[in-house]
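Structure first, then comments.
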Amino acid sequence: AAAEVATFYENYNHKPVGKHTIRFCHNISCMLNGSDELITHLENKLGVKTGEVTPDGLINVKKVECLGACVGAPMFQIGDQYYENLTADKIDEIVDGLK
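Dropping the structure here:
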């Protein structure tokens, strides 16, 4: 029963994560505003796929359902901070600031 609960909720991690987890929304509002392309951009920048951790252990990326900030789509969350109206340049700036 515990495994069913743990796999139902997105906030539980089932394998090691980085110091910073980027929770990238891929629900309908974000998808319609380019989140799929931006997730690919982020994966290419970090050199990892969604669900993987960077070799330095600093960052991992998770695709998540709606984070409730549809007006600012596309968006992601790092810790308690929401980053909205993302572009490839904004993502680069944010990620570079984590290093």
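The numbering of the sequence shown is our numbering, which starts it at 282 and goes up by one. Think of the CB as a built atom: it goes at the ideal place given N, C-alpha and C, for glycine as much as any other residue. Note that the coordinates shown come from a computational prediction; the quantities given were computed from them, not determined experimentally.
7 Å CB neighbourhood of residue i in its chain, flanking five on each side removed
i	result
H322	A369, I372
D377	none
C311	A354, P355, M356
G315	P355
Residue burial classification, residue i (beta-carbon count within 10 angstroms, cutoff 16)
i	result
L379	exposed
L319	buried
V342	buried
Short Cβ contact (8 Å threshold) for residue i with residue j
i	j	result
I309	L327	no
A350	E374	no
G338	K300	yes
R304	Q362	no
Nonlocal neighbours in the same chain, by C-beta distance under 6 Å from residue i, ignoring five residues either side
i	result
E346	N308
Neighbourhood of residue i by C-beta distance below 8 Å, restricted to the same chain and skipping five residues each side
i	result
T335	G299, L327, G328, V329, N341
L313	A354
Residue i beta carbon near the ligand SAM (any heavy atom closer than 7 Å)
i	result
V352	The ligand SAM is absent from the structure shown, which contains no ligands of any kind.
Residues bridged to residue i [DSSP beta-bridge criterion]
i	result
T440	With the chain represented from 282 up to 380, any question about residue 440 goes unanswered, as that position is not in the structure.
Original post:
In chain order, which alpha helix (DSSP H) runs of at least 4 residues are fully inside the region 306–355?
Top reply: Segments of the alpha helix (DSSP H) lying fully in the region 306–355: 309–313, 316–327.
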